[in-house]
Amino acid sequence: MQSLLVLALLHLNQAFHAPRSKPVLRAAPLQATDSSVCALLSLNARGVTKRAVAAAEEELGAENVFATKSLTEAHVAAKKIYERRYATVVACGGDGTLGALLRDLSQEYASIDDLPAICTLPLGTGNAVSRYALGRHYRRWCGSKGVRRACAALKHGVNATLSVPVLSTDQNELCFIAGQGFDAFLLDDYKRQAKATQNTIIGPLMRSVGGYFFAMALRTLPAYLRRKRQMRVRVEALSECAYVDPRRGDAAIPVETGLLYEGSATLACAGSTPFYGGGMRLFPFARSDKGGGGCHLRIAVMSPWRFVPNVYGIFKGTYRHDTLALDFVGDDFRVTLLDDECYPFQHSGDAAGDRRAWRISVAGNARFVDLLGLPAPLAGLEMVGARH
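Each residue of the sequence shown is one higher than the one before, counting from 63 in my numbering.
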């Protein structure tokens, strides 16, 4: 009896701990297709599952679905998208997936303005562009059900699109968010923390979304409070821009090219969409000029002891101050670290190494599918005549 019980428990244990077979995911076949819609799913995105891939294949056909895991596969997919002249691409992943897709497609098309319309679905860790393009109820488009609904709807055509500026760095990286300071330090700390704990029992937790909170509490905030990460920057406008008056928040003062700020800073970042990730509206004045173009450059000028208590308000976009938070709207900026320092740089919510200087400019406008009507409201800036 005991032996039977032991055997039963062994079989039960094997059933629970048997290695799960990995889904057979592949790039689309090479034959031509008459469809105008395709889907690209990044297998590195945490929300892209076997069910999500299957949902896209069932709606669009396997020949119109590209499931990629490496840079090489992503390049091949971009070439096929261009060769087959798809009118719409369903991009499943986060902001990093979206930036990589734009980079690969821009190598095939004459300009960013010529790219097919993109339907971005929030299947990644950072979903800033999806949050803007899909409106307040963007979570309806998460998971395999969201992929199925989007693909099914787009087979009947695209009703409306949103034009969103695409930013380019001086290293030809395409993105919608970039910068240095607190957010870049946090991403770098998260990356280091995940690497240090990869072979431990807490490794999976530190690589999850919760790992960001641990990295911020255990590494980023303490380092700021100990003044170990003080940046001194020079910020320049390489084309005409506008300074947002913090006393009103709905008025901007035209500014000519040249030096905008020089001194200490805890944050220097730019974005062409209002959202940063997790619903944080770090760039409330992005796309708020009359033409709907340009990007929002935000500089936090305050001591670590003042920055840390206000970090939530700064990233939520509600913090205003005439000397401690400087906001500009324009098309071309350059940020240089002083004192020969190099600090982490991030774009699209991913750590991108240490840099001493970087430039961010508007490279063109991408068209994003509007599935839910108008996006969350933006601030509308009124230009006033005085030049400072």
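Ideal Cβ positions, reconstructed from N, Cα and C, are used throughout, including at glycine.
Per-residue burial, residue i [other beta carbons within 10 Å of its own, 16 or more giving buried]
i: H218; result: exposed
i: L344; result: buried
i: I263; result: exposed
i: G109; result: buried
i: W203; result: buried
i: P371; result: exposed
i: D532; result: With the chain running from 63 to 450 in the structure shown, residue 532 is simply not present.
i: G375; result: exposed
i: D307; result: buried
i: G272; result: exposed
i: L433; result: buried
i: H358; result: buried
i: V431; result: buried
i: Q93; result: For Q93, the predicted model reports a pLDDT of 42, less than 50, meaning its position is unreliable and no value from the coordinates is stated.
i: R349; result: buried
i: L224; result: buried
i: K142; result: buried
i: L321; result: exposed
i: A222; result: exposed
Chain-order list of residues whose beta-carbon lies under 7 Å from that of residue i (same chain, five-residue window excluded)
i: T159; result: S104, A107, A153, G186
i: D175; result: G426, N427
i: A327; result: G243, M293, V295, I361, A362, V363
i: M268; result: Q255, A256, T259, F276
i: L388; result: Y323, I361, V363
i: M342; result: F377, K378
i: V220; result: T150, A179, V431
i: A162; result: A136
Own chain partners of residue i with C-beta closer than 6 Å, once the 5 adjacent residues on each side are dropped
i: A419; result: T398
i: R417; result: F407
i: L167; result: A140, L177
i: R165; result: L236
i: L287; result: P366
i: D394; result: L300, S301, S423
i: G188; result: G156, D157, G339, G411
Residue nearest to residue i in terms of C-alpha spacing, selected from the options
i: A330; options: Q169, F377, S270; result: F377
i: N234; options: T150, F430, I422, L433; result: I422
i: D401; options: G123, N126, G325, Y374; result: G325
i: L196; options: S206, L183, G205; result: L183
i: P227; options: S206, G188, S173; result: S173
i: R310; options: F347, G205, S230; result: F347
i: A313; options: S270, F390, G320; result: F390
i: T130; options: Y144, R146, A101; result: A101
i: A124; options: C181, R147, V99, A136; result: V99
i: L229; options: A149, V373, H409, R193; result: H409
i: Q480; options: A136, A149, R201; result: No statement about residue 480 is possible, as the shown extent of the chain runs from 63 to 450 and does not include it.
i: S97; options: Y405, Y148, L163; result: Y148
i: T231; options: R396, Y405, V127, R429; result: R396
i: G415; options: S132, L300, A246, A162; result: A246
i: R368; options: R289, V317, V297, Y405; result: R289
Residue i - containing beta strand (DSSP E), residue span
i: R418; result: Where R418 is concerned, there is no enclosing beta strand (DSSP E), given that its DSSP letter is neither H nor E.
i: E298; result: 293-299
i: P227; result: 223-231
i: I361; result: 357-362
i: S334; result: It is not in any beta strand (DSSP E) - S334 carries neither H nor E in the DSSP assignment.
i: A179; result: 179-184
i: E48; result: One cannot answer for residue 48 here, as it falls past the ends of the chain, which runs 63 to 450.
i: P406; result: 405-409
i: E145; result: Per DSSP, E145 belongs to no beta strand (DSSP E); it is in the alpha helix (DSSP H), 133-146.
i: Y286; result: Careful: Y286 lies outside any beta strand (DSSP E), inside the alpha helix (DSSP H) at 283-287.
i: G325; result: 320-327
i: Y305; result: 303-306
Run of the alpha helix (DSSP H) containing residue i, from where it starts to where it stops
i: A258; result: 244-258
i: T159; result: 157-168
i: I376; result: 366-378
i: V191; result: 190-195
i: L216; result: 205-216
Nonlocal neighbours in the same chain, by C-beta distance under 8 Å from residue i, ignoring five residues either side
i: E403; result: M293, R294, R418
i: T134; result: none
i: V86; result: Any reading at V86 must be qualified, since the residue scores a pLDDT of 41, below 50, and its modelled position is unreliable; the value itself is stated next. Answer for V86: no residue qualifies.
i: A190; result: D157, F238, I239, G333, T335, F337, Y338, G339, G411
i: S83; result: Confidence at S83 is low in this model, with a pLDDT of 40, below 50, so its placement is unreliable and no value can be given for it.
i: A214; result: E121
i: T95; result: The predicted position of T95 is uncertain, since its pLDDT is 47 and thus under 50; a value taken from the coordinates is nonetheless stated next. Closer than 8 Å at the Cβ level, and outside the excluded window around T95, lie G123, E125, N126, R146.
Any chain C beta carbon closer than 9 Å to residue i
i: G333; result: The structure shown contains no chain C, having only a single protein chain.
(request) Determine contact between the region 280-289 and the region 243-254, defined as no fewer than three beta-carbon pairs at a distance below 8 Å. (result) yes
(message) Under 8 Å: do the region 206-218 and the region 114-124 share three or more Cβ pairs, one atom per stretch?
(response) yes
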